[in-house]
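Numbering (the working numbering), first residue to last: 68 to 591. Heads up, the beta-carbon is just placed ideally off N, CA and C, and yes, glycines get one too.
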Amino acid sequence: MGFEGLDSEQDKINDKTALLSESEGNFNCESITSSSSVDEIVDSLDIGLFHYAIFITSGLCHSGYNIFYNIVGFIVITACDIGINQSNKGWLSISFMVGIAVGSVVLGKLSDTLGRRKILIISISVYLIMIVVAAFAYNYTMLVIVASIIGFADSAVAAISGSYALEFFPRPFRGKLLGCRTAIAVIIGGLYCSLMALIILPHPLHIKLGQIHFSSWRVYLLVTNIPVLFGFCLLLYMPNSIRFAIVNKDGIKPILDKIDRINSICKRNSSSSEKLIKSRLGDIVIRGDEMDESDTKKQKGEKLYQQPWLKRLLLLSAAWMGYCFSQEGLIVWLPTVVSYYTIGKRCWHTYNQTSPSPLNHHLYTNSPVCVSTEQITSVSVNILIGNVLTIPLSIACITLVNRVGRKWLYIILVFVAVFSIAAMLIIDDIIAVRILVCIFTMVANNGWIPLTTWTLELFPTHVRSTAMGILNFSAISSCILGMFVFAELFNLNCTACLILFALIGLLGGVASLFLPDTSDMDIG
């Protein structure tokens, strides 16, 4: 009786396999539901031009967040014509981060329902339109309001672009390719922005357009976002993700065909769809209907608040909040820190303040926050050096992310960043601060390479964007708090300010010690 049951089950399997062979063109996800099968499908694909295009596209789109985040610090000290002062200089960065915090929860969940690519296209379109509006802002209030909309649109990029790219990468290549993708966003956001700041901002520009003066900071805002426009154009030609199509019961044949069309530009052995059918899928899809149904129910039953996802979410929230308060909350104010020491001030040593030089905008020489042309050049060079040093460290991180592991590479970078903050306070000298700012910049920027990959791999596909949205909300809330604390505390007591940033960064690093590494894990 038992053997007859086995024969009957085998007949069902053979029928299903035969049906698949006869109708490859109609193949869809209905027979694939388990997380391990999804990884095997992706692992069956050849690495080709498409995979390089997808991580470049994702990196360029994600650079929008890094670009605006970096240019805020330069706008605050150069936009002398829109009424920025000591009491409101923190509004711009806080408004931007509030928009991201709100959008992360809304757009992260929405992308799990409607698809990553669709939400990305809409969000980046809004982002680019608002950048143009910001460049023609009539006053600081208008710029602050527009910044919140930019932040809302950028939240989709921060929460979704990594998930979108991740779902095309086989396991052996995930660490390096996602590391490259993050490095592109970081390098463009840091190096490109500081280079453009050095080229554009020290040179006065005054073109009167109605009630506004089209000055150099407005040109800087437009030029720095050219990479995002290029990434948006590439995104229009990218497909929806395979994993999302499988989870939502959509056909994957059109996606595989698009991958083949992109890969066909370069030499390849066989098409993705042919390889998928002929190799591993033959073993994966021979499942009974009962197995499919139970797998689907099981996957739908898994919620983010169940273990182990809840524990991971809580620990990651602590790690992200510590990292964003300490590193991201400080990095946006590095131009202010460097200019503070450039004019001769110190945190706890006695100092002699130098006399101010002429401002770079002769129409607004009474602005309390604008700095001189010489100081803009000095600050831009200092930040540029730090971002240049980001490149070799990015290469090292990409090389080591699989060998050392995401977890330990991230922890090393966090502790080096915390040490740099503490050393700024202890040494308290202009030359040492310049060096330590460079070290802090390259380490803080590259911390995202292991952290982003690690975070994405800790959650299955059906909750990944939702988890990223929640993490972005908690981390960005912490980042807002860090920005506010720095803006209010640094000029009053920079010693207490730097101690606080170092301690919270240390606590975030300690929280990450309790999470597993994901270098060889199935991501689902």
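For glycine 298 and isoleucine 494, the gap between their C-alpha atoms comes out near 42 Å. In the displayed model, histidine 129 falls within a helix according to three-state DSSP. When DSSP states are grouped into helix, strand and coil, phenylalanine 281 belongs to the strand group. The Cβ-Cβ distance between phenylalanine 581 and leucine 382 falls below 8 Å. In this structure, the straight-line span from the alpha carbon of tyrosine 194 to that of alanine 220 is close to 6 Å. Between leucine 323 and the set Leu265, Phe235, Ile398, the nearest pair of CA atoms involves Phe235. With respect to the C-alpha of isoleucine 319, the residue from Asn307, Val211, Ile571, Arg328 having the closest C-alpha is Asn307. Per DSSP, the beta bridge partners of leucine 276 are Ile279. In terms of Cβ geometry, isoleucine 255 and serine 130 form a close pair [threshold 8 Å]. Proline 527 counts as buried, since no fewer than 16 other beta carbons sit within 10 angstroms of its beta carbon. The beta strand (DSSP E) runs lying completely inside the stretch 171-233 and spanning 3 residues or more number zero.
Residue environment: serine 192 is assigned as exposed (fewer than 16 neighbouring CB atoms within 10 Å of its CB, all protein chains considered).
Per the C-alpha coordinates, the member of Val286, Thr403, Trp415 positioned closest to phenylalanine 203 is Val286. The way I'd put it, the stretch 486-505 does touch the stretch 397-414; three or more beta-carbon pairs between them come closer than 8 Å.
Here cysteine 247 is not near phenylalanine 141, since their CB atoms are 8 Å or more apart.
Taking C-alpha positions only, arginine 328 is separated from proline 294 by approximately 25 Å.
Beyond the five residues adjoining it in sequence on each side, valine 448 comes within less than 8 Å, by CB distance, of Leu265 in the same chain, given in chain order. Check the Cα spacing between lysine 243 and each of Leu187, Asn330, Ser461: the tightest is with Ser461. Between the C-alpha atoms of leucine 127 and leucine 233 there is a straight-line separation of about 15 Å. DSSP places isoleucine 478 in the uninterrupted alpha helix (DSSP H) bounded by 473-494.
Each residue's CA atom was taken as its position, placing isoleucine 227 and leucine 302 some 13 Å apart.
In the structure shown, arginine 413 adopts coil according to DSSP, grouped into three states. In this structure, DSSP gives methionine 388 a helical state, which the three-state scheme calls helix. With distances taken between CA atoms, glycine 170 lies nearest to Ile537 out of Ile188, Val290, Ile537, Ala146. Asparagine 206 and glutamine 278 have their alpha carbons spaced roughly 10 Å apart. Within its own chain, the residues whose Cβ lies closer than 8 Å to the Cβ of leucine 276, once the five positions on either side in sequence are excluded, are Phe203, listed in chain order. For cysteine 391, the closest alpha carbon among the candidates Ser125, Glu524, Ile189, Ile547 is that of Ile547. Within the stretch 505-534, the complete alpha helix (DSSP H) segments at least 4 residues long are 515-524, listed from N- to C-terminus.
Note that the stretch 511-529 does not touch the stretch 161-169; fewer than 3 beta-carbon pairs, one per stretch, sit closer than 8 Å. Shown here for leucine 523: same chain residues with a beta carbon closer than 8 Å to its own, the five before and five after excluded, namely Gly229, Ser230, Leu233, Leu245, Arg531, Met535, Ile590 in chain order.
The alpha-carbon separation between leucine 262 and cysteine 464 amounts to approximately 23 Å. The residue among Gly182, Val200, Ala312, Asp148 with its C-alpha nearest the C-alpha of histidine 273 is Asp148. DSSP places arginine 328 inside the alpha helix (DSSP H), whose first and last residues are 320-330.
CA-CA distance, threonine 403 to serine 445, rounds to 12 Å. Per DSSP, reduced to three states, the secondary structure at serine 111 is coil, with no helix or strand assignment.
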